[in-house]
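Novice: This structure is in structure tokens; I'll ask about it shortly.
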Amino acid sequence: MPPAPGEIGPVSRALAILEALNRRPTTSLHLLHAETGLPKATLVRLLQALRAAGYAEQVSSTLGYRVTGRVARLAAGFRFRDQVVDAAILPMQRFTQVHRWPLYLGMLEGGVVQVRHSTIGDSPLSTEPAATYRSFPILSSALGRAHLAFCPDAERVMILRALAASRRRENAPARDSRQLLAALRTIRRQGYAITPPDRSKYTGLAVPILRDGAVLACLSLRFFQRALSVDETVDRYLGALQHTALDIAVAVEGRTTPR
Numbered sequence: 068m069p070p071a072p073g074e075i076g077p078v079s080r081a082l083a084i085l086e087a088l089n090r091r092p093t094t095s096l097h098l099l100h101a102e103t104g105l106p107k108a109t110l111v112r113l114l115q116a117l118r119a120a121g122y123a124e125q126v127s128s129t130l131g132y133r134v135t136g137r138v139a140r141l142a143a144g145f146r147f148r149d150q151v152v153d154a155a156i157l158p159m160q161r162f163t164q165v166h167r168w169p170l171y172l173g174m175l176e177g178g179v180v181q182v183r184h185s186t187i188g189d190s191p192l193s194t195e196p197a198a199t200y201r202s203f204p205i206l207s208s209a210l211g212r213a214h215l216a217f218c219p220d221a222e223r224v225m226i227l228r229a230l231a232a233s234r235r236r237e238n239a240p241a242r243d244s245r246q247l248l249a250a251l252r253t254i255r256r257q258g259y260a261i262t263p264p265d266r267s268k269y270t271g272l273a274v275p276i277l278r279d280g281a282v283l284a285c286l287s288l289r290f291f292q293r294a295l296s297v298d299e300t301v302d303r304y305l306g307a308l309q310h311t312a313l314d315i316a317v318a319v320e321g322r323t324t325p326r
């Protein structure tokens, strides 16, 4: 099986084996061959590597192989992201109950910002449909620009390199790094990001949720451009929005700190 563009052959094949092993308690070499399409010689070689790394073990020559408990570590990051969402639900609801405007919780995912939770359903001022798992471009959204402005330098460099190499139209500004980095410095200095002007009737005011210098997620208040100006929104809601972001960071710390 030749790797698809951008894939690393042995890595993608090893992951395919782990996925197949994870479907049942034990899996024979014959069944792995049928499900993955990989030659048996390749399967044996990669299974040996997975066994050496502690992710798989051979039960018997008849039953075949199974995954070990070590594979749970591969999902640790995903579980942590879910913990951030869980920690954000109540603080976000409290904000919307008091201030009425909806909040969006966004995380970077696959070259875009993905909404992982929103309080649209709790807001009497929102006319947008449910937003969970809706995606926004990183460079043209308040959520994405807030993440870029406040994340560690090494992470920012990596993200911008990937965006600059993309052919997607919305990522073109990444190729003008001087202008973009100047805008990100301004965002960091003022403590918030605003959606760049476009034709949408909504604008976002976004702040980062920070922990130990890393951006866990970003929080955005979505408002009507005709209802409020940017200056009015910042004056009225920035402090409360930053306080909500801090409450979420503290809640995450409480969920992940050993007791």
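Number 218 in the numbering used here belongs to position 151 of the sequence shown; there are no gaps in the numbering.
A virtual CB, placed ideally from N, CA and C, is assigned to each residue, including glycine.
1. Out of E124, R133, P106, which has the shortest C-alpha to C-alpha gap to R91?
2. Can you give the beta carbon distance from F98 to Y122, rounded, assuming they're within the 8 Å contact cut?
3. Please state the DSSP three-state secondary structure of A139.
4. If we call anything under 7 Å between Cβ atoms a contact, is P275 one with A316?
5. Going by Cα to Cα distance, which pick from V319, L286, E299 is closest to S208?
6. For the beta strand (DSSP E) containing S95, list its first residue and its last residue.
7. Indicate the three-state DSSP secondary structure (helix, strand or coil) for Q181 in the structure shown.
8. Output needed for P325: all residues of its chain with C-beta closer than 7 Å, excluding positions within five of it in sequence on either side, in chain order.
9. Does DSSP put A197 in a helix, a strand or coil?
10. If we ignore side chains and look at the alpha-carbon of each, how far apart do V152 and A198 end up?
11. If you follow the beta strand (DSSP E) that L286 is part of, which residue opens it and which one closes it?
12. Keeping to the same chain, check which residues put their C-beta closer than 6 Å to that of T311; ignore five residues upstream and five downstream.
13. Examine the Cβ distances between the region 300 to 311 and the region 171 to 181 and report whether three or more of them are shorter than 8 Å.
14. Under 7 Å Cβ to Cβ from Q160, same chain only, skipping five residues before and after it: list those, please.
15. Given a threshold of 16 other Cβ atoms within 10 Å of its Cβ, counted over all protein chains shown, does P169 qualify as buried or as exposed?
16. For Y122, does the three-state DSSP call read helix, strand or coil?
Specialist: Walking through what the data contain:
1. R133
2. Note on residue identity: the sequence assigns Leu, not Phe, to residue 98. Contact flag wrong, Cβ pair sits at about 18 Å.
3. helix
4. no
5. L286
6. Looking at the DSSP string, S95 is not in any beta strand (DSSP E), and its letter there is neither H nor E.
7. strand
8. Summary for P325: the model assigns pLDDT 44, below 50, so the residue's position carries little reliability, and this model does not support an answer.
9. coil
10. 14 Å
11. 281 to 291
12. P158, F162
13. no
14. T186, D189
15. buried
16. coil
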